[in-house]
Ligand code: CMX
């Protein structure tokens, strides 16, 4: 299944309060939402750039995925999310192509969207997310 576009790029930061002014003042983007995703142990901030979003990720728990990532690699690009019309089907198709899945089926992420992750060890070192309304 072909993604329609890049839905968002996830960027791990130490502090939303410190990073948001850069996106607003230097890039002139508007932070249109801040949301905590308890399940993922992150607080997120969103900016729209054309059809694609920038999702800043601040960890709320050092043992969460973003906390561990920052501890190991520091701030930076954390994942790329592809918009998929049918996330469940896209995950099944990836698994049929021998990709290791983090999520066997979609779960709820930020903005109420269905999300599912592919393991970076199966995707040439880039954590990938499928993301969509279904
Ligand atoms: N990108 C690329 N590689 C990554 C990575 C990332 N974001 N996160 C971890 N890895 C690599 C590590 O570097 C490590 O590689 P080495 O073994 O070569 O050192 C390996 O994956 C294992 O990493 P780890 O630190 O031991 O962490 P875990 O195995 O416990 O977890 C992962 C890694 C990807 C399974 C976990 O982070 C995960 O489930 N991620 C998906 C959920 C998520 O990231 N949520 C936050 C965003 C939520 C949102 O957008 O709403």
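Residue numbers (this note's numbering): 226 to 359. For glycine and all other residues, C-beta sits at the position ideal for the given N, C-alpha and C.
Proximity test, residue i beta-carbon vs ligand 2 heavy atom, cut-off 8 Å
i	result
residue 228	Summarising the ligand content, the structure contains ligand 1 and does not contain ligand 2.
Range of the contiguous beta strand (DSSP E) that encloses residue i
i	result
residue 235	230-238
Selected residue, minimal CA-CA separation from residue i, among the options
i	options	result
residue 235	253, 295, 288, 251	295
residue 263	316, 286, 238, 226	286
residue 299	226, 238, 279	238
residue 313	282, 342, 250	342
residue 337	317, 227, 349, 359	359
residue 208	293, 334, 247, 304	As displayed, the chain neither begins before 226 nor continues past 359, which places residue 208 out of reach and without an answer.
residue 275	353, 340, 227, 231	231
Strand pairing of residue i, partner residues [DSSP]
i	result
residue 354	306, 342
residue 258	271
residue 326	343
Enclosing alpha helix (DSSP H) for residue i [first to last residue]
i	result
residue 250	Careful: residue 250 lies outside any alpha helix (DSSP H) and carries neither H nor E.
residue 336	Taken as a continuous stretch (DSSP letters only), residue 336 belongs to no alpha helix (DSSP H), as it is neither H nor E.
residue 312	312-321
Unbroken stretches of the beta strand (DSSP E), 3 residues or longer, contained in the stretch 263-309: Correct list: 267-274, 277-284, 301-308.
Segment contact, 8 Å Cβ cut-off, at least three pairs: the stretch 251-267 with the stretch 317-325: Proximity of the stretch 251-267 to the stretch 317-325 falls short of the contact definition, fewer than three beta-carbon pairs being nearer than 8 Å.
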